[in-house]
Structures are given as structure tokens and as C-alpha cells.
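These notes concern the structure reproduced below.
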Amino acid sequence: MLDRKFVIENIELVEENCRHRGVTVDVRKLADLEQQRRAKQIEAEDLNRQANEKSKLIGKAAEGAEREALKEGARQLREQKEQAAAEVDALAAEADAILRVIPNLSHPAAPIGVDDKANLELRKGKHQPPVFDFPVLDHVQLGERLDLFDFEAGGKVAGHGFYYLKNEAAQLELALQQYVLNLLVGEGFTPTITPDLARNEILQGIGFIPRGPETQIYSVADTDLSLIATAEITLGGWYAKETFDSDQLPLKLCGVSHCYRTEAGAHGAATRGLYRVHQFTKVEMFAFTLPDESEEMLEYFCGLECRIFDELGIPYRVVDTATGDLGGPAYRKYDLEAWMPGRGDGGEYGEVTSTSNCTEYQARRLAIRYRIKGEKGTHFVHTLNGTAVAISRALIAILENNQRADGSVAVPEVLQPLLGKDVIEPRK
RNA sequence: GGAUGGGUGGCCGAGUGGUUGAAGGCGCUGGUCUUGAAAACCAGUUUACGGGAAACCGUAACGAGGGUUCGAAUCCCUCCCCAUCCGCCA
3 MLDRKFVIEN
13 IELVEENCRH
23 RGVTVDVRKL
33 ADLEQQRRAK
43 QIEAEDLNRQ
53 ANEKSKLIGK
63 AAEGAEREAL
73 KEGARQLREQ
83 KEQAAAEVDA
93 LAAEADAILR
103 VIPNLSHPAA
113 PIGVDDKANL
123 ELRKGKHQPP
133 VFDFPVLDHV
143 QLGERLDLFD
153 FEAGGKVAGH
163 GFYYLKNEAA
173 QLELALQQYV
183 LNLLVGEGFT
193 PTITPDLARN
203 EILQGIGFIP
213 RGPETQIYSV
223 ADTDLSLIAT
233 AEITLGGWYA
243 KETFDSDQLP
253 LKLCGVSHCY
263 RTEAGAHGAA
273 TRGLYRVHQF
283 TKVEMFAFTL
293 PDESEEMLEY
303 FCGLECRIFD
313 ELGIPYRVVD
323 TATGDLGGPA
333 YRKYDLEAWM
343 PGRGDGGEYG
353 EVTSTSNCTE
363 YQARRLAIRY
373 RIKGEKGTHF
383 VHTLNGTAVA
393 ISRALIAILE
403 NNQRADGSVA
413 VPEVLQPLLG
423 KDVIEPRK
């Protein structure tokens with residue numbers, strides 16, 4: 003969330019930003035509530051101070067009528083204070099509810115627009131979309147021929163949107179994880195495996211809405227836990243309520259986790275197969291940085307995502323996400339869209355990774371700060387996240403781009419040693 | 001899951017319900033001394049929120065949340081976490 007004071011001092015700027023983001027918020031009401039809250043808080047604190055003073059006198063006073071009178075006075079002051087404090091809390095809660103739905107500010111270069119149609123293509127990857135001289139299959143058809151998935155059994159056992167990976171698909175999942183993890187370790191990331199569940203307060207801090215009609219999140223009944231939709235949640239939550247020394251930053255982590263999404267209301271041909279599923283595995287990058295490092299870190303994350311898909315031999319394009327499509331926490335976001343030959347009519351680009359600079363938005367909600375040695379006070383860190391690889395969508399891109407006329411699929415060179423073969427062939 | 005013992009400032013560690021935001025020590029920062037360093041000595045050393053141009057002032061915080069009381073680190077309740085032992089288990 004944004005800084006209260008900043009919002010109140012920059013009402014018009016925040017209102018304009020909300021318009022660009024497609025979010026309707028009554029910023030002026032927030033300012034009004036804040037003003038009332040401050041006045042009430044001063045009143046409550048003053049009453050409390052008076053009560054404290056009186057209580058101290060009681061300690062020194064002798065037993066008797068005088069002491070009883072002091073007690074009564076202090077009691078009354080505290081009652082008044084409690085009443086004022088309750089009003090402060092109510093005002094703060096109301097103001098906070100508004101503040102929490104205000105999205106982050108937007109990078110001045112981010113394209114302005116209400117949805118993904120306004121996304122700006124920045125560049126393309128090293129590889130061109132392949133040209134096939136045979137009928138192109140999509141990953142579902144390829145998977146049938148190669149016996150790589152079982153969607154029916156997934157549906158039977160866990161419901162629509164779940165699936166089994168079989169044979170080379172299962173091995174590819176592990177190979178992709180290992181390839182990416184090795185690459186990131188080489189780049190100085192700390193590799194981690196995170197919990198697949200997190201407390202709702204952490205989800206909210208990262209910017210997810212754990213419950214409610216529009217939620218994308220599975221929650222666990224009778225607990226305050228939810229299944230995570232991305233390791234961004236657990237990696238960001240790792241340092242909640244903690245203060246870094248500035249020389250610990252930047253801190254680069256990557257985490258392997260399963261990701262669970264209800265995908266409420268998402269159906270259709272473009273979501274067939276592995277594209278939009280309720281569970282998948284992902285290796286996520288995450289960084290805590292000083293404020294003046296985060297823009298550079300975003301470019302670095304994007305560069306790594308490009309490197310990974312270039313090395314996998316997959317054609318893609320990079321888009322600068324439009325303001326209306328940024329989500330709440332992001333200040334700027336780049337998506338990689340991989341070429342998927344089996345998608346749509348003759349192939350389409352489909353999102354495979356995404357990297358965001360969330361500046362202080364998540365850090366303020368999660369209370370993640372840093373301190374500079376020798377300086378008084380603390381500041382909020384900047385947080386960034388990026389997909390290194392989302393297995394299900396990477397599998398689509400690998401299978402569909404590397405298919406061959408005989409129905410086999412070439413294994414990307416970097417995965418061959420990990421998979422122990424260079425081609426996936428139909429089973430006999 | 002059961003039993004017991006614990007959770008206090010960057011760390012260690014005191015703390016009879018009443019000038020305790022919190023003794024003492026360590027560490028850290030600055031100073032004195034010294035050719036320099038060490039030692040010694042002196043001083044300073046939490047954070048959040050609010051007010052103020054600033055100096056600074058106010059309020060809150062002793063695992064978390066409630067309760068008792070004029071007043072709680074201190075008493076009561078609930079929960080969380082840690083340690084050890086027992087049980088169970090991949």
C-alpha cells in the first residue's frame with residue numbers, strides 16, 4: 003500500500019493513477035477520514051497523558067479521601083480516553099480499508115491503458131517462431147501421442163483443472179527445475195523450497211485476496227491458511243516484520259513451490275490442456291533491494307527470464323504491461339509471452355513468465371524495512387518478483403515448438419543431460 | 001499429542017503492581033589520552049505513530065491478544081513460539 007501521508011499530500015496524482023489502473027477509489031474520503039483520525043488521536047493521547055499523570059500521583063499519595071478522589075478522577079479520564087481511542091480505531095479501520103485498495107504508483111514509462119490490449123511489445127527473443135511443413139499439433143495432442151499427461155484421471159481424482167504428468171513430462175518438470183535452479187545459483191540466488199501454504203495475513207501483505215467471491219485462492223477450512231498461488235507469497239513473507247541492515251541488500255532468493263489457483267470463471271479453448279490449471283510447479287525469483295536498486299533489478303530479472311527461454315530455444319516476446327493490467331502491487335511489470343504453435347489459429351503468444359517491481363507497496367504492508375548504519379530510523383525495502391519457470395506453461399512451449407513430423411519432440415539441448423535423452427518419441 | 005521449563009533492547013541478562021523505555025554487562029558510535037593502536041576514562045546508542053520549519057515534544061511497545069487495576073514487564077485467561085523428555089510418524 004501507499005504511504006498515508008503521501009496519498010493525502012498528492013490526492014490528484016493518486017486519483018489519476020487510479021484512473022489509469024482502472025480502480026475506483028474515493029481518495030478524498032480517505033483524506034477526510036485521516037484528518038478526523040488525527041484530531042481524535044491527539045485528543046485520545048492527551049486524555050491518556052492526563053490519566054497517567056494522575057495515576058503517578060496516586061502512587062505517592064497517602065491513603066484516604068484524597069487518594070480515592072484521585073482514583074475516581076483517573077478512572078473518568080481513562081473512560082474518556084477509551085471512548086476516544088475507540089473512535090480513532092474506527093476511523094483508522096475505515097481509512098485503512100480505502101488505503102488498501104489503492105494500487106501502487108505506476109512507472110512513468112509504463113504504457114497507459116485499461117487492459118492487456120495496451121501492452122507494449124519491447125523486443126523479441128533470439129529464436130524465430132518455427133515454420134512447420136506438416137500439420138501442427140497442440141500440446142494436448144502431442145501429450146496423447148507421447149503419453150505425457152492424464153487429464154481424465156486428474157479430473158476424476160481432484161477435479162477439472164488437475165492433471166497427472168507422466169513419463170518424460172514428469173522428468174521434464176524435474177529437469178526444468180534443476181536447470182533453472184542451477185542457473186540461478188550461478189547468479190547468486192539462494193535456492194529454497196518454500197511452504198505451499200501461508201497465513202492469510204501474508205497473502206494479503208503480498209496483495210492477494212484470500213477469501214471472497216473474486217478470490218483466486220484456495221483456503222483451508224477452519225484455519226487462517228491458504229494454498230499459495232505463487233512462491234512470491236512465501237518468499238516475500240519470509241522477512242515480514244523484519245529489518246535488514248542495508249549491507250545485506252540486495253537479497254536474491256529463488257523458491258520452488260507448487261502454485262494453486264482456483265481460476266474462477268476462466269474457461270474456453272485457449273485454456274485447454276495445461277494452459278490454465280489449478281496446480282502447477284514454479285521456480286520463482288524474489289529480491290529485496292534498496293529503493294535505488296529496484297529498477298535495475300527488474301531489468302536483471304527480465305534479462306534472466308529471457309536468457310532461460312533463449313537457452314530453451316523458445317521464441318518469445320517481451321511486453322511492458324499496461325497500467326490497467328498491472329494488478330495492485332506492481333509499479334512496473336514485464337511479461338514474457340512464448341510462441342505457442344498449437345494455440346489459437348496457427349499459433350499465438352501466451353504468457354509464460356512475468357516480473358514485477360513492487361517498490362515499497364508490499365514491504366509497507368508486510369513491514370519489511372532496512373536500516374542504514376549510523377543513521378536514525380528505518381525505511382521500507384523494495385520487493386521484486388519474477389517467474390524463472392512455470393513448469394506447465396514452459397511444457398506447452400517446449401512440446402509445441404519442438405514437435406517434428408514423425409510426432410516426436412526434440413528435447414532442448416540444456417535439458418538433454420538432465421533428461422538423459424535428446425528426443426521424446428511415441429511409445430510403441 | 002502429553003509433561004516440564006522458558007520467551008525482556010543489536011546480544012547476554014536483572015526486574016518487590018507505582019517517576020522502569022526498562023539496572024548491569026557486551027557490542028557499537030563519538031570524545032579524552034597516545035606518534036599510532038590497544039587499554040583506561042567520559043558521553044551517546046530502539047522503533048512506530050502523532051505534533052513541530054527545527055531543536056524537540058506527546059503517545060505506544062518487555063512473544064501475541066484479552067482481562068483485573070487509578071496504574072501491569074510484574075497478577076489472571078487464551079493463543080503462538082522455543083528448549084528438554086515421552087509418545088507417534090515419512
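Just so you know, we're using this note's numbering here: the first sequence kicks off at 3 and counts up by one.
Cβ coordinates follow ideal geometry from the N, Cα and C atoms, glycine included.
Check, Outcome
"Would you tell me roughly how many angstroms separate the C-alpha atoms of residue 104 and residue 18, rounded to the nearest one?", "11 Å"
"Let's test the definition: count the other Cβ atoms within 10 Å of the Cβ of residue 184 and tell me whether it reaches 16, buried, or not, exposed.", "exposed"
"Is the number of C-beta pairs between the stretch 172–187 and the stretch 221–228 that are closer than 8 Å three or more?", "no"
"Please state if the CB of residue 364 and the CB of residue 380 are separated by a distance shorter than 8 Å.", "no"
"Identify the residues that DSSP records as bridge partners of residue 322: which are they?", "122 and 336"
"Starting from residue 103 and walking both ways along the alpha helix (DSSP H), at which residues does that stretch end?", "67–103"
"Taking all protein chains shown into account, decide if residue 290 is buried (16 or more other Cβ within 10 angstroms of its Cβ) or exposed.", "buried"
"Near residue 368, which residues of its chain fall below 6 Å by C-beta distance, leaving aside the five closest residues on each side in sequence?", "207 and 242"
"Quick one: which unbroken alpha helix (DSSP H) runs of 4-plus residues sit fully inside the stretch 143–214? Chain order, please.", "153–160, 169–188 and 202–208"
"Beta-carbon within less than 6 Å of residue 316's beta-carbon, same chain only, minus the 5 sequence neighbours each way: which residues are those?", "340, 399 and 403"
"Excluding the five sequence neighbours on either side, which residues of its own chain have a C-beta within less than 8 Å of the C-beta of residue 29, listed in chain order?", "9, 13, 16, 17, 20, 100 and 104"
"Name the residue from 94, 372 and 262 whose alpha carbon lies nearest to the alpha carbon of residue 249.", "372"
"For residue 82 and residue 97, what's the separation of their Cα atoms in angstroms?", "23 Å"
"Please work out which residues of its chain come closer than 7 Å, Cβ to Cβ, to residue 204, disregarding the five sequence neighbours upstream and downstream, and give them in chain order.", "235, 239 and 242"
"Report all residues from its chain with a CB closer than 7 Å to the CB of residue 38; omit the five preceding and five following residues, and keep chain order.", "93"
"Helix, strand or coil, according to DSSP, for residue 360 in the structure here?", "coil"
"Sorted by chain position, which residues of the same chain lie with C-beta nearer than 8 Å to residue 152's C-beta, five sequence neighbours on each side aside?", "165, 166 and 168"
"Which one or two residues does DSSP pair with residue 247 in a beta bridge?", "373"
"So what's residue 50 in DSSP terms, helix, strand or just coil?", "helix"
"Please report the residue range of the beta strand (DSSP E) in which residue 7 lies.", "Here residue 7 belongs to no beta strand (DSSP E); instead the alpha helix (DSSP H) covers 6–11."
"Whole angstroms are fine: how far does the CA of residue 143 sit from the CA of residue 308?", "27 Å"
"In the DSSP assignment, find the beta strand (DSSP E) that holds residue 228 and state where it starts and stops.", "227–229"
"How would you label residue 133, buried or exposed, when you count the other beta carbons within 10 angstroms and need 16 or more for buried?", "exposed"
"What whole-angstrom Cβ distance do residue 407 and residue 191 have, given they're in contact under 8 Å?", "Incorrect: roughly 39 Å between the Cβ atoms, too far for contact."
"Residue 129 by DSSP, collapsed to three states: which one?", "coil"
"Use the C-beta contact count for residue 125: other C-beta atoms within 10 angstroms, 16 or more gives buried, fewer gives exposed.", "exposed"
"Cutting at 7 Å between CB atoms, please list the residues of its own chain near residue 24, excluding the five before and the five after it.", "116 and 326"
"Where do the ends of the beta strand (DSSP E) carrying residue 299 lie?", "Residue 299 -> not in any beta strand (DSSP E); alpha helix (DSSP H) instead, spanning 296–313."
"Residue 150 to residue 170, Cα distance in whole Å?", "6 Å"
"Give me, in chain order, the residues of the same chain whose beta-carbon lies closer than 6 Å to that of residue 424; leave out the 5 immediate sequence neighbours on both sides.", "413 and 418"
"Does DSSP put residue 416 in a helix, a strand or coil?", "helix"
"Rounded to whole angstroms, what is the Cα-Cα separation between residue 52 and residue 67?", "20 Å"
"Express the C-alpha separation of residue 232 and residue 89 in angstroms, rounding to a whole number.", "38 Å"
"Quick one, which of 130, 186 and 11 has its alpha-carbon nearest residue 302's?", "186"
"At the level of alpha carbons, what is the spacing between residue 4 and residue 229?", "26 Å"
"Are the CB atoms of residue 344 and residue 139 within a distance shorter than 8 Å?", "yes"
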